[in-house]
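**Student:** As given, the protein sequences belong to chains P and Y, one line each in that order.
All residue numbers for the first sequence refer to our numbering, where the first residue is 1 and numbers rise by one.
All residue numbers for the second sequence refer to our numbering, where the first residue is 410 and numbers rise by one.
For every residue, glycine included, the Cβ atom is placed at its ideal position computed from N, Cα and C.
This one's a predicted model, so the numbers in the text were calculated from it and none came from an experiment.
I'd like to ask you about the structure that follows.
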Amino acid sequence: MEARKTMQEKIVVKDLYKIFGPKPDVAMQMLRSGKDKDDIVRQTGMVVGVQNASFHINAGEIFVIMGLSGSGKSTLIRLLNRLIEPSSGQVLVDGQDVASMDPKQLIELRRRDMAMVFQSFALLPHLTVLANAAFGLEVSGVPRKEREARAMKVLEQVGLAAFANRYPRELSGGMQQRAGLARALVVNPSLMLMDEAFSALDPLKRTEMQGLLLDLQRDHKRTIIFVSHDLDEACRIGDRIAIMEGGRIVQIGTPDDIIRNPVDDYVRAFFNGVDVNKYLSAKDVADVDAVPVFFAQSDFRDGFHAVIERLRAARRNYGFVLDSDRKLVGTVSIDSMIRSLESGSRELSYALLGDLPPVNGDLNLSDLICRIVKMPYPLPVVEPQGHYIGAVTQTILLKKMAKEELTHA
Amino acid sequence: MRDFLPLGEWAEKIVNFIVKNDHGVLAGLGDVVGQMTELTEGFLHLIPDWLLASVFVALGFWRIGWKFAVVAAGALLVIIGTGFWQATMATLALIISSTLISLLVGIPLGIAAALNRRVNYLLRPVLDFMQTMPAFVYLIPAAMLFGLGRVPAVLATVIFAMPPVVRLTALGIRQVNKEQVEAGITFGCTPLQVLLKIQIPGALPSIMAGVNQTIMMALSMVIIASMVGGGGLGNNVLASIQRLDIGLGFESGLAVVLLAIILDRLTESFGVPKEERIARRKNQGQGA
């Protein structure tokens, strides 16, 4: 993500603070003089909601804000569209400072380019699903026929067309949130704010909605800011994740970055109890040196003897065969080569072990485990195009997992 | 011993001052209220008793169900049969005009109290005062300011009956789901749009409960207001007390009760969401 410099910054947040209380200036002064959040609550009763947040969000990415309850994530997302007034700092959306807009500009921006999806769905109970979906357009004065036609199209997209004339209370939670999502999509915003949007759903429905969101994102890239306390969710949908603690952003990075290099114990604690294996894939565990590799053209030119000798010297039973592009050809073992020698064949293809399909580098660890327990041989790991990455064996896998456990314990 | 705090004297002086210096404002207000009540009463009297009674029964069937329609038909027959129809309609006219005024003033006040903390702080003690001051007490200044008749009756009733709708409107609006309000703001609603499209519809059941309470309070107050010449059933009740006429007291009292039951159930049904009403109706059907 970071590497692609062409990426446009959709939102830039600079030195953003939110203090809840009658005299934010006093609290700001105290923060500047080095007092922390707890001191301020104790001395003044004022609560620091967000402090010193500075970050950017790229156009078209899903940016997840994560944290425990009370960490300020819901406050932060509401500062972005000014549902909550910032105490100081800037929120630049496409270069315009939301924090200093007058009410008219703000309403204009919200109607045109921003939408929000809420944890409690926040559908209006007295309106039908169709009218709810069309709400954003109704507010900005789009005629009924047009807005209902547009809303209907989006309801089809989210699979709710058949329920257009029902009332929200007649729908299940998952369907209500589809309607909530539709309401946001109908105004065709370039920016969507989603506050714990799927947290109220059961795990199955949650996964389904995440899938729907990713599908929609594939069709039409929007900038999505997604607040969540669910790490699985954050890793699944997030291009980048910001982790918040006590009103402060403690780390921002891709899911991989954060899992691999947690910046402190708080971030590390997030992953306690989380199945790290889910976020590691075969290519992360593959070991290049574990199994000797041979090249089909050069190493087998003189038959199997040279290869058998080299395997014996290395005290290995198995070797992988690659072509000149380092693409995997297959696996050989000392036994398989001796057998083909005994049967009088000098063809490499006779010595290749059948039934040993390579592992895709993106295979996640839990699936990899399933394959490897049944497998006495080392498995080759390849990139999608077939290029060799390394080998996994049961031992390599166990060692790697033990190491991950240690870093996150 | 002389009271060191002659509040009563001051109150009297204030009322007297207003009477002397109102420059026709009170008279104008009184005219409007009087006209309104008279027109309503005239209209109710214009319709034949059987037709109006049928309308009530039909409303009861539509909003609640056939069981209530039967109860309403019985109640109205009792009122007509005991000869209290005219008096009951006069009372209903008083209730209608005082309730209308109460809602016209009370709902906006409730909205203001919900949206503005300062208004709320100012309003609360005033509402407490209006509700707890013995109802009779309003009749004195009302009669002094507006003379005897329907006008002071209606206005004293307004004061007594308004607090519930103010309180329940404010409560309803404050209790609207916070994220629904946020959703409105997020999609670019102006504050007025938030109020009209989200807060008031969301508060409607509570507001309707307030309307119902206000009507019931108005009913009890217009009976008392017969003391300043409000007329209607109150006159009969008052006469029965003065003459210790048990029969008249029972019949007129019963008419009040029956009117109360019909008004209560009918107005309550307007505060219940449609689906719930249908569900209740189904249950009733199964019960039968």
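1. Against chain Y, which members of the stretch 121 to 142 of chain P pass a CB distance test of less than 7 Å?
2. Residues bridged to residue 64(P) by DSSP?
3. Just to make sure I have the definition right: I need the residues of chain Y whose C-beta is within less than 9 Å of the C-beta of residue 83(P). Which are they?
4. Among all the DSSP beta bridges, which residues are the ones paired with residue 380(P)?
5. Report yes if the C-beta distance between residue 591(Y) and residue 83(P) is below 7 Å; otherwise report no.
6. Does any residue of chain Y have a CB that is nearer than 7 Å to the CB of residue 194(P)?
7. Does DSSP classify residue 584(Y) as helix, strand or coil?
8. Closer than 7 Å by C-beta to residue 396(P): which residues in its own chain qualify, once you throw out the five before and the five after it? Chain order, please.
9. Hey, how far is the Cα of residue 116(P) from the Cα of residue 550(Y)?
10. CA-CA distance, residue 146(P) and residue 185(P)?
11. Is there a C-beta anywhere in chain P that falls below 7 Å from the one on residue 614(Y)?
12. Alpha carbon to alpha carbon, how far is residue 34(P) from residue 239(P)?
13. Going along the stretch 602 to 633 of chain Y in order, which residues come within less than 9 Å of chain P, judged by CB to CB distance?
14. Since residue 599(Y) meets chain P, which of its residues come closer than 7 Å, beta carbon to beta carbon?
15. Taking 7 Å as the threshold (beta carbon to beta carbon), is residue 46(P) in contact with chain Y?
16. With 7 Å as the threshold, decide whether the Cβ of residue 116(P) is near any Cβ in chain Y.
17. Run down chain Y in chain order and give the residues with a C-beta less than 9 Å from the C-beta of residue 414(P).
18. Can you confirm whether residue 111(P), when its beta carbon is compared against all beta carbons of chain Y, has any partner nearer than 7 Å?
19. For residue 194(P) and residue 222(P), which I take to be in contact (beta-carbon distance under 8 Å), what is that distance rounded to the nearest angstrom?
20. For a contact meaning CB atoms closer than 7 Å, what does residue 293(P) contact in chain Y?
21. Of the residues 336(P), 319(P), 168(P), 74(P), which one's Cα is nearest the Cα of residue 328(P)?
22. Drop a sphere of 10 angstroms on the beta-carbon of residue 218(P), count the other beta-carbons inside from all chains shown, and report buried for 16 or more, exposed for fewer.
23. Excluding the five sequence neighbours on either side, which residues of its own chain have a C-beta within less than 6 Å of the C-beta of residue 619(Y), listed in chain order?
24. Determine, using beta carbons only, whether residue 226(P) and residue 64(P) come nearer to each other than 7 Å.
25. Could you tell me whether the Cβ atoms of residue 258(P) and residue 62(P) are closer together than 7 Å?
26. Report buried or exposed for residue 32(P), applying the criterion of at least 16 other Cβ atoms within 10 angstroms of its Cβ.
27. What would DSSP say about residue 121(P), mapped onto helix, strand or coil?
28. Between residue 648(Y) and residue 565(Y), is the Cβ-Cβ spacing less than 7 Å?
29. Beta carbons nearer than 7 Å to chain P: which residues of the stretch 425 to 442 of chain Y have them?
30. On a Cα-Cα basis, can you pick out the residue from 252(P), 380(P), 334(P), 21(P) that is closest to residue 360(P)?
31. When the cut-off is 7 Å and only beta carbons count, does residue 588(Y) lie next to chain B?
32. Under 6 Å: does the beta carbon of residue 544(Y) sit that close to some heavy atom of the ligand MG?
33. For residue 356(P) and residue 333(P), I'd like the C-alpha separation in whole angstroms.
34. Taking only the alpha-carbon atoms, compute the straight-line gap between residue 437(Y) and residue 444(Y) and give it to the nearest angstrom.
35. By the criterion of Cβ-Cβ separation under 9 Å, what are the contact partners of residue 187(P) in chain Y?
36. Output the boundary residues of the alpha helix (DSSP H) element that contains residue 551(Y).
**Tutor:** Looking at the coordinates:
1. 122, 124, 126, 135, 136, 139, 140
2. 226(P), 241(P)
3. 591, 594, 595
4. 391(P)
5. yes
6. no
7. In the three-state scheme derived from DSSP, where H, G and I count as helix and E and B as strand, residue 584(Y) is classed as coil.
8. Cβ neighbours of residue 396(P) beyond the five flanking positions: 285, 287, 290.
9. 55 Å
10. 15 Å
11. no
12. 34 Å
13. 602, 606, 607, 610, 611, 613
14. Per Cβ cutoff of 7 Å: 107.
15. Residue 46(P) is outside the set of residues whose beta carbon lies under 7 Å from a beta carbon in chain Y.
16. yes
17. The question about residue 414(P) has no answer here: the residues shown for chain P are numbered 1 through 409.
18. In terms of beta-carbon proximity, residue 111(P) lines the interface with chain Y, with at least one pair separated by less than 7 Å.
19. Actually they are not in contact, since the Cβ atoms of residue 194(P) and residue 222(P) sit about 11 Å apart, beyond 8 Å.
20. The contacting residues do not exist; residue 293(P) stays about 57 Å from chain Y at best.
21. Of the listed residues, the one whose Cα sits closest to residue 328(P) is 319(P).
22. Counting Cβ neighbours within 10 Å, residue 218(P) comes out exposed, since fewer than 16 surround it.
23. The answer, listed in chain order, is 573, 574, 577, 578.
24. When the beta-carbon positions are compared, residue 226(P) and residue 64(P) come within less than 7 Å of each other.
25. no
26. exposed
27. coil
28. Not a contact, by the Cβ cut-off of 7 Å.
29. Taking 7 Å as the Cβ-Cβ cut-off against chain P, none of the residues of the stretch 425 to 442 of chain Y qualify.
30. For the options 252(P), 380(P), 334(P), 21(P), the alpha carbon positioned closest to that of residue 360(P) is the one of 380(P).
31. No chain B is part of this structure, whose protein chains are labelled P and Y.
32. Absent from the structure shown: the ligand MG. Ligands present: none.
33. Taking the Cα positions, residue 356(P) is about 12 Å away from residue 333(P).
34. 11 Å
35. 596, 597
36. 544 to 555
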